[in-house]
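**Q**
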RNA sequence: GGGGGAGUAGCUCAAUCGGUUAGAGCUGCGGGCUUAUAUCCCGCCGGUUCCAGGUUCGAGUCCUGGCUCCCCUACCA
């Protein structure tokens, strides 16, 4: 350390400027005022890798108090998007923050690896359109491709995350890709990878299954052996308690994916859709010439019609239309009937019960069989769910095609049959429909019904309809067997009235008790989760697919017994055949399918059901599987429960949060995490979801390389988590502007410290002996560090960034603005105090922003500290959180006073504006009345005001002055309750000055006496010009301009013009010059010496400039002059 | 249908226990400061705080009803 490093991102011009004088040791390296943040980020990534900075951070904190973050797995199925970067910014910044607090952490990233997400993409890549394609292709091969896809994108996302600056225990992406490629050759070949404590050798298949395990390290992968195995244990535990069951039901079904969807999955995919709204006439068997009118939006289900349902108490009418007579609900007459009609008769729904009618497809063999077997005919049934808002008030019931229909069918004892197979095609037995795609037949069905006299009316109907959340296919409802975990009874009584026994008997209430022990950010998360738990149905865990958790359910067709195997070892012991096929394989299909166990009921060999598991099982087990619940219980108990989890909340209350809560409650009946932080959704800048074809989408890589990840991270950290964030280039520009202010303060410091040859080794007065302004900014740094720490401990990065922005603003626009001259034009203790203070403030700031801006802060710190101090940590991320060190510098009274001085200066500018006096024009006097409050450091503050307001004298005036009146500010929060209705009169009197202030501080006003602490006596301006006031602060300026003041103003104007010209001539900051001034009034000359000194003039000529020099006219109060300059000695 | 959240300047958002003159930023206009700045400062323009009632001395804030949007949830053929 200590040797300035190369800075290849620095523009050549900046490097040329690096002339250093008076160097007594290592010096800051030069800094560009126009940094290339992106190049800098890449350089720092290389440095961190070379210096193993992250590894050293982990070592530094090892064994300390722990902070346990548990990563929610990202789906390793595609490159990561900018919305992932939002969440990963939070995850990284809180981990970095806690690392700076010295806390030990695991730093384990997670990848979600199993399930339909991956399958669908692999299918697409192979051009498959149905499950039959997969079966023909081979399940083993297909599953292998799925794993390879996961490895591909895990590597990709790892690279992208590293680019984001996300510090985690990452796998080497190249190693992941190597494993992927080895799988391609032969999964059973032996390979070696670098593990935590040395090389790990195994078959490629098993190495992949061991990723994330203690000996291998790196990210966890939910397809790992351990993850799958622990889920088996969880399911076996559920079974032990009798909660696992097989349900026979009509389920939402995706005909493309060939699988049922759980309730939570169905919720993902509701979308607007237009379906045929078909009204059908069903002739009544016992009432010739009359027909029921029923309405449906799913014509394909008519072939499975079993009954027509009416509301018991709804009013139905018989109407005549031409030669036809129809029955329908009275309330639907207008919407359902076309053309004129005559009402013949009215009857309640219950009168229709039992009426037999002719079904639309009674002649199909499947229907005849189903009806014949049950000895059933189509008839009208009662159902209390029937309404008359839509349709005809007579509901077509197909128990094999709808969940509600199914329930009704079961309770009414109707025949139940499903017409379609896994792919959504009609079974044999449905005549001309057999083999046709159910969603496609609407038109043919309509034609057919029309020909056969069943058709009444057709009109498109728009509604929200569930779609497959993965592939977007509209769902069908299909009669299937699926596996469930019972979530327990819902009691019809408030939670707080439940008995212990009731809670112990119902899992959902046990989960709620766990939810109560968790801190939710934002707080409404608690209510959302409880709400979900109250409303959720049993958890459907099966999926008729190929790649995923192999459900360890062994269901005996012979005797009907099923059992759940609790782990690979148990399976090995119980296996009666096929174990050798699973040996050496991860517990995936098809190998696991080969294993049979002896049926506990009848002893016959029984196979595993073919289904795979719901992927949220995979993610929900991670508080156990990734913390070595089984193989290292001591380790687990140290890290469980996690202190913190964080995820985008849309969906997760019923997905990841829920599955973790459910599994932890079953296994431990305790909370899996202590705090949960959720955030909303990322949209494009136009407020719409990012969409490639809308032109508002931004890829992560593009964002990283164009705006830089620090800028991105700053945007994310400062966003309101509960609101959707609008992400785009303009927002990035705004964020970058804020960071550039910070950068430029830093660049200023380095520039002038180099010119002065100042480094921390040069020394400076003790902090307590510095100017009030110095002590003020140090106090602000201390206060900011404490406040930022408090906010970050509460997972409030938004407030933290606001505090940091305010500090940056103070540092730039107040401290630096007022201190510039001390650094550029003074010397000795005055100068050194300024450098030391600014240096201290910048270093403190770098450490405070380090969790949010890891690159920018590192770059500053490397130069401000590491480059000049060999004893300091060489990375800002190893430097610890600064709040403790800064705390002694806090001086709140001084901060209050400075706020007042700033406001006074603002007011002076307001007054100047009104009076048309620019700030460069010095004024003789400024009168200042302060609020009645205690003000510390008065003299120093008046000095600040004098300098900034550019006045010769600041005179503090009290309320006895003729410039102001005494005013009374009634402190309403104190007196409001006491005075009540008298307030308006008191306030009016205060406004109009009708009051009397007594010597003891009490105030008589509008017949009331107010105590001294109920009012604030303030100055208020007397009417006049050049006065501005704000909350008891009054500023009055003397607008009289003497000839001397005018001349001095001219001198200042001239100085500015010379500086402009210097800049135009592109002179270095320390170039000395020769100056020409032509036409200058004699009165101004008196004030010239400081101007010449400030502008580094060696020789001044009064007269026409030397030929060939560029000149500039300057308008002065005393007349126009012309100036020119050149570098001295040039 | 049920539950929750929100509605404030053209846009994005503030506003402490209810406190009297509702503030910032962005945008626009005018002016100013400045060899750190791609900044910054002052001023102007911009408001029926969704609507209607109510409580209160006083309502953006609390209550009631309605409207709109978002989220969660739900068995509408």
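Numbering (our numbering), first residue to last: 79 to 1208. Positions of the beta carbon are idealized from the N, C-alpha and C atoms, including for glycine.
In angstroms with no decimal places, state the Cα-to-Cα distance between residue 349 and residue 960.
**A** 51 Å
**Q** Would you list the one or two residues that DSSP bridges to residue 279?
**A** In DSSP, residue 279 forms a bridge with 270.
**Q** With 16 as the cutoff for other CB atoms within 10 Å, does residue 697 come out buried or exposed?
**A** If you draw a 10 Å sphere on the C-beta of residue 697, you find 16 or more other C-beta atoms in it, and that means buried.
**Q** Is residue 354 helix, strand or coil by DSSP?
**A** Reduced to three states, the DSSP call for residue 354 is strand.
**Q** Give me, in chain order, the residues of the same chain whose beta-carbon lies closer than 6 Å to that of residue 862; leave out the 5 immediate sequence neighbours on both sides.
**A** 881 and 885
**Q** Taking the beta strand (DSSP E) that residue 752 belongs to, which residues open and close that run?
**A** 751–757
**Q** Between residue 1232 and residue 222, how many whole angstroms is the CB-CB distance? I'm expecting something under 8 Å.
**A** The requested residue 1232 does not occur in the structure, where the chain is confined to residues 79 to 1208.
**Q** Starting from the N-terminal side, write out each stretch of the alpha helix (DSSP H) that is 4 residues or longer and does not extend beyond the segment 1100–1163.
**A** 1121–1142 and 1160–1163
**Q** At which residues does the alpha helix (DSSP H) containing residue 877 begin and terminate?
**A** From DSSP, the alpha helix (DSSP H) with residue 877 extends over 875–888.
**Q** On the DSSP letters alone, give me the boundaries of the alpha helix (DSSP H) that residue 424 sits inside.
**A** Where residue 424 is concerned, there is no enclosing alpha helix (DSSP H), although the beta strand (DSSP E) it sits in stretches over 420–426.
**Q** Report the residue ranges of all beta strand (DSSP E) runs contained in full by the segment 427–493; include only those spanning at least 3 residues, in chain order.
**A** The beta strand (DSSP E) runs lying completely inside the segment 427–493 and spanning 3 residues or more are 457–460 and 472–475, given in chain order.
**Q** Do residue 251 and residue 268 count as a contact pair if the criterion is CB distance below 8 Å?
**A** no
**Q** Starting from the Cα of residue 185, find the closest Cα among 296, 988, 758 and 752 and give me that residue.
**A** Taking the Cα of residue 185 as reference, the smallest distance to any Cα among 296, 988, 758 and 752 is reached at 296.
**Q** If residue 610 sits next to residue 747, beta carbons under 8 Å apart, how far is it from one beta carbon to the other, in whole angstroms?
**A** No, residue 610 and residue 747 are not in contact; Cβ-Cβ is about 19 Å, not under 8 Å.
**Q** Looking only at C-alpha atoms, which of 388, 359, 439 and 356 sits nearest to residue 428?
**A** 388
**Q** Can you tell me the Cα-Cα spacing of residue 1202 and residue 1169, whole angstroms?
**A** Within the model, the alpha-carbon separation for residue 1202 versus residue 1169 is close to 15 Å.
**Q** Based on the DSSP output, what are the partners of residue 691 in its beta bridges?
**A** 620
**Q** Residue 199 to residue 207, Cα distance in whole Å?
**A** 11 Å
**Q** Using the C-alpha atoms, what's the distance from residue 1129 back to residue 1165?
**A** The straight-line gap from Cα to Cα measures roughly 6 Å.
**Q** Quick check on the DSSP output: the beta strand (DSSP E) that includes residue 399 runs from which residue to which?
**A** 393–399
**Q** Whose CA, out of 412, 661 and 667, lies closest to the CA of residue 217?
**A** Checking every option, the nearest Cα to that of residue 217 belongs to 667.
**Q** Do the segment 700–707 and the segment 683–690 touch if we need at least three Cβ pairs shorter than 8 Å?
**A** no
**Q** What number of angstroms, rounded off, separates the C-alpha of residue 85 from the C-alpha of residue 106?
**A** With a pLDDT of 38 at residue 85, under the threshold of 50, the modelled position of that residue is not reliable, and the figure given next carries that caveat. If you take the alpha carbons of residue 85 and residue 106, they lie about 12 Å apart.
**Q** Is it true that the CB of residue 1150 sits closer than 8 Å to the CB of residue 1187?
**A** no
**Q** If you run the structure through DSSP and keep just helix, strand and coil, what is residue 906?
**A** helix
**Q** Identify every run of the beta strand (DSSP E) within the segment 294–334, keeping only runs that are complete inside it and at least 3 residues long; order them along the chain.
**A** 322–332
**Q** Taking C-beta to C-beta, are residue 723 and residue 188 nearer than 8 Å?
**A** no
**Q** Within the same chain, show all residues whose beta-carbon is closer than 6 Å to that of residue 798, passing over the 5 residues directly before and after it, in chain order.
**A** 876
**Q** Can you check which of these residues, 821, 290, 343 and 780, is closest to residue 157 by C-alpha distance?
**A** 780
**Q** Taking only runs that begin and end inside the segment 759–784, name each unbroken alpha helix (DSSP H) of 4 or more residues, in chain order.
**A** Correct list: 778–784.
**Q** Applying the 10 Å Cβ sphere with the 16-neighbour rule, what's the burial state of residue 538?
**A** Looking at its Cβ environment, which holds fewer than 16 other Cβ atoms inside 10 Å, residue 538 is exposed.
**Q** Inspect the CB distances between the segment 352–365 and the segment 489–508 and report whether three or more fall short of 8 Å.
**A** no
**Q** Compare the C-alpha of residue 152 against each of 195, 548 and 132 and name the closest.
**A** Comparing Cα-Cα distances from residue 152 to each of 195, 548 and 132, the minimum goes to 195.
**Q** If you follow the beta strand (DSSP E) that residue 939 is in, where does it begin and where does it stop?
**A** Counting along the chain, no beta strand (DSSP E) covers residue 939; the unbroken alpha helix (DSSP H) around it starts and ends at 932–939.
**Q** Pull up the distance between the alpha-carbon of residue 626 and that of residue 948, whole angstroms please.
**A** 53 Å
**Q** Does the distance from the CB of residue 478 to the CB of residue 386 come in under 8 Å?
**A** no
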